[in-house]
Amino acid sequence: MTRWALVPLLSTVLAACGDLSVYRAPPPVQDASRPDLTRAAEGMGPPGTETGAPTIDYPSNGRMLQQSRSRWIPVDWAELPGFGGDTLGEAWAAWLRSCERPGTLVVVCADVKRLASASDDERRAWMQARLQPYRIENLEGESQGMLTGYYEPVADARRLPDARFKTPLYRVPGPPAPLGSRKPWYSREEIDTLSEPQAALRGREIAWLEDPVSVLNLQIQGSGRLRITEADGRERMVRVAYAATNDQPYRSVGSWLLQKGEVRDASWAGIRQWVAANPARVQEMLWVNPRVVFFQEQMLTEADTFVGPKGAQGVPLTAGRSIAVDPQSIPYGAPVWLTSSGYLPLQRLVLAQDTGSAITGAVRADYFVGTGPEASAVAGRVKQPLRLWVLWPK
76 MTRWALVPLL
86 STVLAACGDL
96 SVYRAPPPVQ
106 DASRPDLTRA
116 AEGMGPPGTE
126 TGAPTIDYPS
136 NGRMLQQSRS
146 RWIPVDWAEL
156 PGFGGDTLGE
166 AWAAWLRSCE
176 RPGTLVVVCA
186 DVKRLASASD
196 DERRAWMQAR
206 LQPYRIENLE
216 GESQGMLTGY
226 YEPVADARRL
236 PDARFKTPLY
246 RVPGPPAPLG
256 SRKPWYSREE
266 IDTLSEPQAA
276 LRGREIAWLE
286 DPVSVLNLQI
296 QGSGRLRITE
306 ADGRERMVRV
316 AYAATNDQPY
326 RSVGSWLLQK
336 GEVRDASWAG
346 IRQWVAANPA
356 RVQEMLWVNP
366 RVVFFQEQML
376 TEADTFVGPK
386 GAQGVPLTAG
396 RSIAVDPQSI
406 PYGAPVWLTS
416 SGYLPLQRLV
426 LAQDTGSAIT
436 GAVRADYFVG
446 TGPEASAVAG
456 RVKQPLRLWV
466 LWPK
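The opening position of the sequence shown corresponds to residue 76 in this note's numbering, with each subsequent residue numbered one higher.
In C-alpha cells, the structure reads:
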C-alpha cells in the first residue's frame, strides 16, 4: 500500500478522468505551460521566512478590509458554496499545524485545539459563531481568479554517480565562488560551461539523478523526496528541501516549447515525450530557464512520510488542505474557504501555508495535491476558475 500523501478523493478523480495522457495545454500565453509550476524555484523564500505578510488587526467588526493587493468584503455564511458538506478532519489537522507558528490568528488557536476531537457540526457551529467570512476581491472588485496545483516529486537517486545516474542535485555552492559573491549568481548555462561555478559546486552534490529533467522538476516544485541507494547498497528515502537560488529569473521551458510549436501537450508527460524524441536538444531546452535551486537534505521520519514538505509558513503542507497564496492578499495561517470548478471540483476549507513568486494577486492560489506520480498527474492539469473567502475572527 502506498504511503505517498494524496488528496483523499484523488483515486476517484483519476478514475473519472480516464486517460490522463491526453491533456492539452491552452494556447501559448503567459504562464500557459503550468506543468512547471511556480514554487520556490520562482523566488519563494526558505520555509519559515514569513516576510511580506500584511498585518491585520482583529476583531474586524464586519468592516471591509483592504490589503495591498486585495479587499475583503464581509458576507453571510450562506454565500459559501458547499460549506455544510465538507469533511473537516484533515483541514483541522492543517489548522493545528498553523497554530504551532506565531501569527495573526493565535487568538483562535486555543479553540481550534479544543475542537480537535469535535464533530464537524460542532466545528462548523464554532466557526459561524466566532469567525466572519470575507469574500476576496482584487482592488477593482473582481472576485474570480485562478487555481493551479503543485506537488512533491519522488525520484530515484544514487549517492555516487554511475553510468545511469549522472546528473547532480546540489547543495548551496561554496568557495571559490560562494553564493552571494555575485548577484545574480551564475546562470544554469554558466554553471554547465564555466570552471568557476563548477569548482564552487564540486563536492556539494547531495545525490545523483537519472536525468536533468528530473532535476529541473525538483527545482521547479521546490522540494521532493529521493529514494536513494547509498554507496553500500542500502536504500532509504530522504527529503530535499529548498535552500536557496542563484537569483536568476525563472523562465518556463513548457512555455518555450509551446511558443516554438514544439509541443501541444505541455504537461510533464508531454515534455518528457519531446525529450525522448529530441535528445540532442535537451540542453537547449534546459538553458531556457537560467534559474537554479539549491537544496538541503532532510531526514524523513515515519511521521514525515504522511505530510508534505514545509511551506513558507514553516509548517508541513497537508495534501488537499494547504494552498500557496500571495501574502500581500492573504496572511499565512489564515483559514480560507475555497471553491473551484473544472478538472478538480473543490468546495473545501484550506489553510494559507505557502507562497511562490508567480502566486500573485488577490484571487490566486496554488493547491498542494500531494506526493508522488499520481499527485503529479493531477497537479499538472489543475488550471481553473477560483473564488476565495477568508474566515477571520469577529
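For every residue, glycine included, the Cβ atom is placed at its ideal position computed from N, Cα and C.
On a predicted model such as this, the values are computed, not experimentally measured, just so you know.
Item to check | Integer-rounded CB distance, given that GLN296 should sit under 8 angstroms from GLU372 | outcome: The Cβ separation is near 16 angstroms, so there is no contact.
Next on the checklist: Whole angstroms are fine: how far does the CA of ALA316 sit from the CA of PRO121?
Outcome noted: Because PRO121 carries a pLDDT of 35, less than 50, the predicted location of this residue cannot be relied on, and the following value inherits that uncertainty. Using only the alpha carbons, I get a separation of about 9 angstroms.
Checklist entry - Under a Cβ-count criterion, where at least 16 other Cβ atoms within 10 Å of its own Cβ denotes burial, should ALA433 be classed as buried or exposed? => result buried
Checklist entry - Does the pairing of the segment 387-397 with the segment 416-433 give three or more beta-carbon distances under 8 angstroms? => result yes
Next on the checklist: By the three-class DSSP mapping on this structure, what secondary structure does PRO110 have?
Outcome noted: Its pLDDT being 34, under 50, PRO110 is placed unreliably in this model, and the value from its coordinates should be taken loosely. In the structure shown, PRO110 sits in coil (DSSP, three-state: anything other than H, G, I, E or B).
Checklist entry - If you count every other CB in all the chains shown that lies within 10 Å of the CB of LEU269, and 16 or more means buried, which is it? => result exposed
Checklist entry - Do you know whose CA, among SER415, LEU180 and SER256, lies nearest ARG205's CA? => result LEU180
Next on the checklist: For the beta strand (DSSP E) containing THR393, name the first residue and the last one.
Outcome noted: Taken as a continuous stretch (DSSP letters only), THR393 belongs to no beta strand (DSSP E), as it is neither H nor E.
Checklist entry - If we ignore side chains and look at the alpha-carbon of each, how far apart do ARG309 and ARG439 end up? => result 43 angstroms
Checklist entry - To the nearest whole angstrom, what separates the beta carbons of SER404 and SER218, a pair I think is in contact under 8 angstroms? => result Rounded, the Cβ-Cβ distance is 12 angstroms, inconsistent with contact.
Item to check | As assigned by DSSP and simplified to three states, the class of LEU222 | outcome: strand
Item to check | Spatial distance of GLY417 from GLY455 (CA atoms) | outcome: 13 angstroms
Item to check | the segment 155-172 contacting the segment 183-194, beta-carbon criterion three pairs below 8 angstroms | outcome: yes
Checklist entry - Hey, how far is the Cα of LEU163 from the Cα of LEU421? => result 14 angstroms
Next on the checklist: I'd like to confirm the pairing. Which residues does DSSP put opposite ASP267 in its beta bridges?
Outcome noted: In the DSSP output, where bridge partners are listed per residue, ASP267 has none listed.
Next on the checklist: Beta-carbon within less than 8 angstroms of GLN459's beta-carbon, same chain only, minus the 5 sequence neighbours each way: which residues are those?
Outcome noted: MET221, LEU222, SER415, SER416, GLY417, TYR418 and LEU419
Item to check | Spatial distance of THR435 from VAL367 (CA atoms) | outcome: 21 angstroms
Checklist entry - For the putative contact between ILE398 and VAL411, defined by C-beta atoms under 8 angstroms, what is the C-beta separation to the nearest angstrom? => result 7 angstroms
Next on the checklist: Strictly by DSSP, which residues pair up with THR320?
Outcome noted: VAL368
Checklist entry - Does the distance from the C-beta atom of PRO384 to that of ARG314 stay below 8 angstroms? => result yes
Item to check | VAL457 to GLU449 span [Cα, whole Å] | outcome: 13 angstroms
Checklist entry - Under the DSSP definition of a beta bridge, which residues are partnered with THR414? => result GLN422 and ARG462
Checklist entry - For GLY188, which three-state DSSP category applies? => result One point to set straight first is that residue 188 is Lys, not Gly, in the sequence displayed. LYS188 falls in the helix class under three-state DSSP.
Item to check | Backbone secondary structure at PRO243 - three-state DSSP | outcome: strand
Next on the checklist: Could you compute how far the alpha carbon of ASP441 sits from the alpha carbon of MET312?
Outcome noted: 26 angstroms
Checklist entry - Where does GLY308 sit, in a helix, a strand or coil, going by DSSP? => result coil
Checklist entry - Does DSSP put VAL181 in a helix, in a strand, or in coil? => result helix
Checklist entry - Can you list, in chain order, the residues of its chain whose CB lies under 6 angstroms from that of ARG326, leaving out five sequence neighbours each side? => result VAL363 and ASN364
Item to check | Inter-residue spacing [alpha-carbon to alpha-carbon] between ASN353 and ALA452 | outcome: 23 angstroms
Next on the checklist: Can you give me the C-alpha to C-alpha distance between GLY345 and GLU359, rounded to a whole angstrom?
Outcome noted: 17 angstroms
Checklist entry - Over what stretch of residues does the beta strand (DSSP E) that includes GLU337 continue unbroken? => result Premise fails: GLU337 is in no beta strand (DSSP E) and is neither H nor E.
Item to check | Neighbourhood of LEU375 by C-beta distance below 6 angstroms, restricted to the same chain and skipping five residues each side | outcome: MET312, VAL313 and ARG314
Checklist entry - Using a Cβ-Cβ cut-off of 7 angstroms (strictly less than) and excluding sequence neighbours within five positions of GLU197, which residues of its own chain qualify? => result LEU190
Checklist entry - Going by DSSP, what residues sit across from MET360 in a beta bridge? => result Answer by DSSP bridge pairing: none, since MET360 is not bridged.
Checklist entry - Looking at ALA274 and PRO259, is the spacing between their C-beta atoms short of 8 angstroms? => result no
Checklist entry - Do PHE443 and ARG246 have their CB atoms nearer than 8 angstroms? => result no
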